[in-house]
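K.L.:
Below you'll find the structure I mean.
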Amino acid sequence: SITEAQREVFALHEIAQTIGSSLNLSDTVTLVSNKLRAIVPFDTCIIFVVDEKSGKAVAEHVAGENYDAFDRRRMNVGDGITGWVIANARSMCNASPELDLVGLPEEIATNYRGVLVSPLLREDGAFGAITLYSKSRTSYTMEHVRLLESVCQHASSALNNALTFEKTKESALTDPLTELPNARGFYMILEQRIAECQRLSNESLALLSMDVDDFKAINDQYGHAIGDRVLASLAGVIRKELRQMDLLTRYAGDEFVAIMPMASTHMAANIAERVRNAVEAQKFSVSTGKVVQLGISMGVACFPSEGETTEELLTAAARNMQNDKHSRKTLISIANNPMSTLDAFR
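Mapping of the sequence shown onto this note's numbering: residues 2 to 347, in sequence order.
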């Protein structure tokens, strides 16, 4: 009808006008699904985006029914209907929805009767898709396909911009060598954790500050490329000894700081000792047949007894770490091979 056609034109115009108003990925996908509901019927709408690291399509946004079942659902590009659409950069409708719903509870999968999927496109191909599932509609019309493709055309640019912004923001807070949060990320996360502790009153929090002893000697003798490789390996050793809830950050150079929620002074000290033992037992390869062993100085500070702000806690942890460094005699040992006598230098 004329009224329906006018509504569709208005909805598409509104999408085109408002969809690029935010660089926030969550806001953008929510806006797309809300506007889409006015022109194409669905019971569940999912916006999939391909994760560059895993290569899988991830459900970034779910609107409508069965949110819990679909949220963050992952599928291989090429698998199912949505995977096929992304791999071939072409829309598909009226295939069996079950091809897309493998692994979901039967009571959910068998309820859907219709499906419509269109790709989100950029210059190098599809980077995602919008998938619509319907319980009552066994088939979508070509008009529905046209409308969804039009929405995807408008949405693709905005979603790609939002993804680029998220990636840029993430890279600004992440150390590229270790893939840990950097100093900026550390401050942001610690401020959030302190705010939570203040809100919950009884919540404890500990910082574990770590500094590799005489690491300059590694860089001087073997070069910065080898030093970087050792640091990346060291980060992995430390992370293995922390609890799952702890967050390790690369604060600067050869300094690491772990944020430890719900950790008492005693617990943090025990974990610190575990980390020290693991680091000092590890042999890091620096060249063929040669390894180094590292010493590490550590300092713990707890909220609120040693500080109630980010700066107070960090200062206390750094002070305790320096005290530890001065009170210990740590050697960096070099060996021609792991079985030989280790020649030590400071």
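Cβ coordinates follow ideal geometry from the N, Cα and C atoms, glycine included.
Taking the alpha-carbon positions, what's the Leu117 to Leu249 distance?
P.N.:
Approximately 43 Å, taken between the alpha carbons.
K.L.:
Given that a residue counts as buried once 16 or more other Cβ atoms are within 10 Å of its Cβ, and exposed if not, what is Gly126?
P.N.:
With fewer than 16 neighbouring CB atoms inside 10 Å of its own CB, Gly126 falls in the exposed class.
K.L.:
Throw me the rounded Cβ distance for the Thr311 and Arg251 pair, which I believe falls under 8 Å.
P.N.:
Contact between Thr311 and Arg251 is absent: CB atoms are separated by about 17 Å, not below the 8 Å threshold.
K.L.:
Output needed for Arg185: all residues of its chain with C-beta closer than 6 Å, excluding positions within five of it in sequence on either side, in chain order.
P.N.:
Listed in chain order, the non-local C-beta contacts of Arg185 below 6 Å within the same chain comprise Leu174, local neighbours out to five positions each way being set aside.
K.L.:
Quick one: residues in its chain with C-beta nearer than 6 Å to the C-beta of Arg75, no 5 flanking neighbours on either side, listed in chain order?
P.N.:
Lys57 and Val59
K.L.:
Does the beta-carbon of His145 have 16 or more other beta-carbons within 10 angstroms, so that it is buried, or is it exposed?
P.N.:
Label assigned to His145: buried.
K.L.:
Comparing C-alpha positions only, which one of Lys326, Gln199 and Ala318 sits nearest to Thr266?
P.N.:
Nearest option by C-alpha distance: Ala318.
K.L.:
Within 8 Å, do at least three Cβ pairs link the region 222 to 240 to the region 266 to 283?
P.N.:
yes
K.L.:
Give the range of the beta strand (DSSP E) segment to which Glu61 is assigned.
P.N.:
First-last of the beta strand (DSSP E) with Glu61: Lys57 to Gly65.
K.L.:
Is there at least one Cβ from chain D nearer than 8 Å to Val118's Cβ?
P.N.:
No chain D is present in this structure, which holds just one protein chain.
K.L.:
DSSP puts Met261 in a beta bridge; with which residues?
P.N.:
Ala207
K.L.:
By Cβ distance, which residues of its chain are closer than 6 Å to Asp229, with the 5 residues on each side in sequence left out?
P.N.:
Leu178
K.L.:
Who are Asn278's beta bridge partners in DSSP?
P.N.:
DSSP lists no partner for Asn278.
K.L.:
Taking the DSSP output, what are the residues bridged to Val118?
P.N.:
In DSSP, Val118 forms a bridge with Met93 and Thr132.
K.L.:
Could you check if Asp176 is buried or exposed, using at least 16 other CB atoms within 10 Å of its CB as the buried criterion?
P.N.:
buried
K.L.:
In whole angstroms, give me the CA-to-CA distance for Lys170 and Ala270.
P.N.:
33 Å
K.L.:
May I ask you to report which of helix, strand or coil DSSP gives Gly300?
P.N.:
strand
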